[in-house]
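Q: In terms of UniProt numbering, the sequence shown is residues 1 to 204.
In this text, a Cβ means the ideal position worked out from N, Cα and C, and glycines have one as well.
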Amino acid sequence: MRKAGKILIAAAAAMALAACSPSLQEPTDQPAGEQNTHTPAPVSVSESAASESAGSEGAGSHAAGGGHTGGGDAATCAAADITVDTAAAEPRVEIPRDCAAPAQVVSRDLTSGSGPAATPQSTVQLDYTVFGWSDGSVADSGTASIDLSDPAGEIEGWPQGLEGVRQGGERVVVLPPDLGYSEQSGNPLAGDNLVVVAEVTGIS
């Protein structure tokens, strides 16, 4: 009898547990096919993180056409990079320091002029001021008459620097060392690039 009692108690306990546990087949309010389905949340990237990622990918590169070229070498200066002020009695220049001195003659007209243009056979009368590239100091200033066919002066680059200039015009010219003051001139700026600001007063 004791064994029969134990069996009945065990059966009753099993039935009670079955009644308390929901059936796996128990119907729910969800449509078919969506029961017990888990969808992982999408992974998001903050804007700052995305920006940092994009920045790291572009590190060390330059936009096409923008700024100086890389590689540690400074770009070469152009005549347009030099700031010239002719408003005062004596012209003043500001020479950039973030680009290299040009190795050939470069020039630009500050004022075009309306008179005849200089040819390789012309004689050009001008007022001029010469600056040293290295420190911007004034090396020389005055008036001169330059025979472009045979300059025979201390500055060897006059013909290249004054080619095509018009009477009444003003021009800034950068001369490389080999066309600046000759070593024989004894000028302290021999071997340095020169920046020349010239106002053409006559051409013959």
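By how many angstroms is the C-alpha of Ser114 removed from the C-alpha of Tyr181?
A: Reading the sequence shown from its first residue, position 181 is the one you call residue 181. Reading the sequence shown from its first residue, position 114 is the one you call residue 114. Spanning the two alpha carbons is a distance of roughly 30 Å.
Q: Determine contact between the segment 78-86 and the segment 94-111, defined as no fewer than three beta-carbon pairs at a distance below 8 Å.
A: yes
Q: Taking the alpha helix (DSSP H) that Gly161 falls in, what are its first and last residues?
A: In the sequence shown, the residue the question calls residue 161 occupies position 161. Its alpha helix (DSSP H) spans residues 158-162.
Q: Grab the span of the beta strand (DSSP E) containing Gln125 for me, first residue to last.
A: Within the sequence shown, the letter at position 125 stands for residue 125. Its beta strand (DSSP E) spans residues 123-132.
Q: Beta strand (DSSP E) containing Ser141: first to last residue?
A: Reading the sequence shown from its first residue, position 141 is the one you call residue 141. Run containing Ser141: 138-147, per the beta strand (DSSP E) assignment.
Q: Would you mind sorting Val197 into buried or exposed? The rule is 16 or more other CB atoms within 10 Å of its CB.
A: As a working mapping, residue 197 is identified with position 197 in the sequence shown. Val197 comes out buried.
Q: When the Cα of Gly142 is compared with those of Asp135, Val130, Gly168, which residue comes out closest?
A: Working through the sequence shown from its first residue, we reach residue 142 at position 142. The candidate whose alpha carbon is nearest that of Gly142 is Val130.
Q: For Arg97, does the count of other Cβ atoms within 10 angstroms reach 16, so buried, or fall short, so exposed?
A: Locating residue 97 in the sequence shown gives position 97, counting from the first residue. Exposed, because fewer than 16 other Cβ atoms sit within 10 Å of the Cβ of Arg97.
Q: So, Val195 versus Trp133, is the Cβ gap smaller than 8 Å?
A: Position 195 of the sequence shown, counted from the first residue, corresponds to residue 195. Position 133 of the sequence shown, counted from the first residue, corresponds to residue 133. Result yes, Cβ atoms of Val195 and Trp133 sit closer than 8 Å.
Q: Could you please give me the residues that DSSP links to Ala152 through a beta bridge?
A: By one-based count along the sequence shown, residue 152 stands at place 152. Per DSSP, none; premise fails for Ala152.
Q: Within 10 angstroms of its Cβ, does Ser149 collect 16 or more other Cβ (buried), or is it exposed?
A: Numbered from 1 along the sequence shown, position 149 holds the residue referred to as residue 149. Under this definition Ser149 is an exposed residue.
Q: Specify, as a first and last residue, the run of the beta strand (DSSP E) that Arg171 falls within.
A: Here residue 171 corresponds to residue number 171 of the sequence shown, with the count starting at 1. Here the beta strand (DSSP E) through Arg171 covers 170-175.
Q: What do you get for Glu199, buried or exposed, if any count of 16 or more other CB atoms within 10 angstroms of its CB means buried?
A: Taking the sequence shown and counting its residues from 1, the one referred to as residue 199 is at position 199. Result: buried.
Q: Quick check on this structure: which residue in Gly164, Asp192, Gly168 has the alpha carbon closest to the alpha carbon of Pro176?
A: Here the question's residue 176 lines up with position 176 in the sequence shown. Closest by alpha carbon: Asp192.
Q: Using only CA atoms, which one of Asp140, Glu154, Ala190, Arg171 lies nearest to Thr83?
A: As a first step, residue 83 must be located in the sequence shown, where it is residue number 83. Measuring from the Cα of Thr83, the nearest candidate turns out to be Arg171.
Q: Can you grab the Cα-Cα spacing for the pair Pro120 / Leu126, in whole Å?
A: For the purposes of this step, residue 120 is taken as the residue at position 120 of the sequence shown. For the purposes of this step, residue 126 is taken as the residue at position 126 of the sequence shown. When rounded, the distance between both Cα atoms is 16 Å.
Q: Quick check on Asp135: does DSSP put it in helix, strand or coil?
A: Against the sequence shown, residue 135 aligns to sequence position 135. Residue state, collapsed to three classes: coil.
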